[in-house]
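Under this note's numbering, the first residue of the sequence shown carries the number 242, and numbering increases by one thereafter.
Quick reminder that beta carbons are idealized off the backbone N, C-alpha and C, glycines included.
This structure is a prediction, so every number in the text was calculated from the model and none was measured.
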Amino acid sequence: MARFWVCVAGAGFFLAFLVFHSRFCASRLPLHLHLAFKISWRAEEALYRLDVDWPKYSEYFTGATFCVAVDSLNGLVYVAQRGDNIPKVLVFTEDGYFLRAWNYTVDTPHGIFAASTPHEQSVWITDVGSGLYGHTIKKYNSFGDLVQVLGTPGKKGTGLNPLQFDNPAELYVEDTGDIYIVDGDGGLNNRLIKLSQDFMILWLHGENGTGPAKFSIPHSVTVDSDGRVWVADRGNKRIQVFDKDTGEWLGAWNNCFAEEGPSAVRFTPDGKHLIVAQLHLSRLLLVAAPPVGSIGDCSVTSTIQLADQVSPHLLDVSGKTGAVYVAEIGAKQVQKYVPVNSYFSSFGS
242 MARFWVCVAG AGFFLAFLVF HSRFCASRLP LHLHLAFKIS WRAEEALYRL
292 DVDWPKYSEY FTGATFCVAV DSLNGLVYVA QRGDNIPKVL VFTEDGYFLR
342 AWNYTVDTPH GIFAASTPHE QSVWITDVGS GLYGHTIKKY NSFGDLVQVL
392 GTPGKKGTGL NPLQFDNPAE LYVEDTGDIY IVDGDGGLNN RLIKLSQDFM
442 ILWLHGENGT GPAKFSIPHS VTVDSDGRVW VADRGNKRIQ VFDKDTGEWL
492 GAWNNCFAEE GPSAVRFTPD GKHLIVAQLH LSRLLLVAAP PVGSIGDCSV
542 TSTIQLADQV SPHLLDVSGK TGAVYVAEIG AKQVQKYVPV NSYFSSFGS
């Protein structure tokens, strides 16, 4: 009997030691690893997994990481962050190695887009700052040299000739050079603008409201291979869809976003899924993309639940690998999610 109680006491002590050790070590983990361990998945529908080795060194994230862009042609990832006396743009390889940083004429970045061709590497940034460079959309080369400015620097407004913005949220640039801009992250404007490659206005929708082609915080925009423009209408808890050539309103999705509106939208390379971020729920949704024709109702295929208060703000997807890069303003980091093997093989089909 004495031996029995000795064994029980020993087992209890060992269990208590393991619990204490796990809690103590977890509290000392770097933030990005600590958060990664908390990620839960719907295993039956999991299409992506976290790449814990990206980036190789997270110490380069020194501010609130608001946006990320992938240059699939050159294998580069651009991260824009906010903060005082820090580099505003960080450049990594898709493998996670840090290359360089720059800070020229960037005030308060909100959205970023990489639009490279075999002849030019371009990076576009929407700036919502109130300083000399704010309320503009700017084009840079890969090393941070300013190439083009859209808008009136330092002045917010509703004008279209010349172009004036008020907290422009994000943009999407097609291979043709056409530009789609969502202007109005809490500012005066709530509009979607399409510009030609020489910056002429082709069409626009611009009015605050809840009806078709009206917006409340249009926050993200993307274009699919079937000629449709998808807008995250965050304040109205829906995604609106337009014909990219005519601007005609094609419909809206709201049945998937009753809890919270979408903050970011991007398609997978195969065009089968729309990846949607929900900021305050710290969640990514993979929504089945509809075929040509009626968009129907949205249907969630898979969910990636992040840690509490990670706050995924904007995201981008590699056109080659299908990897998803998520800018998390709560965690102050960018994380990379890669397709699982069975899903990855479909990108080559």
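C-alpha gap between residue i and residue j, whole angstroms
i	j	result
P328	P532	42 Å
S457	N477	6 Å
V369	H446	20 Å
R283	L443	At R283 the pLDDT is 40, less than 50, meaning the model places this residue with poor confidence and gives no usable figure here.
G316	T487	33 Å
S357	L391	18 Å
K455	D348	29 Å
L288	D419	32 Å
I480	D292	29 Å
D549	H360	42 Å
S371	D325	14 Å
D424	K379	14 Å
Q576	A342	18 Å
G385	W365	10 Å
P350	G375	9 Å
L331	Q546	26 Å
Distance CB(residue i)-CB(residue j) smaller than 8 Å
i	j	result
E415	V464	yes
L520	V472	no
N430	T393	no
Q405	K396	yes
N402	G427	no
S363	N382	yes
L387	T451	no
E335	V318	yes
R524	T544	yes
R475	S437	no
V541	L556	no
S313	G512	no
Q322	F302	yes
C497	L515	no
L522	E500	yes
F354	Y413	yes
For residue i, the three-state DSSP class (helix, strand or coil)
i	result
N344	coil
V575	strand
N449	strand
S504	coil
S604	An answer regarding residue 604 cannot be provided, because it is not within the stretch 242 to 590 covered by the chain.
G492	strand
S437	coil
L429	coil
P459	strand
A305	strand
D511	coil
Paired residues, beta bridge with residue i - DSSP
i	result
Y289	P580
Q519	R524
I480	A473 and W494
A310	Y319
Cβ-heavy atom distance, residue i to the ligand GDP, below 7 Å
i	result
Q550	The ligand GDP is not part of the structure shown, which contains no ligands of any sort.
**Continuous beta strand (DSSP E) assignments of at least 3 residues falling wholly in the segment 524 to 570** = Runs of the beta strand (DSSP E) inside the segment 524 to 570: 524 to 529, 541 to 546, 553 to 558 and 565 to 569.
**Complete runs of the alpha helix (DSSP H) confined to the segment 325 to 412 [at least 4 residues]** = You should have found no qualifying run.
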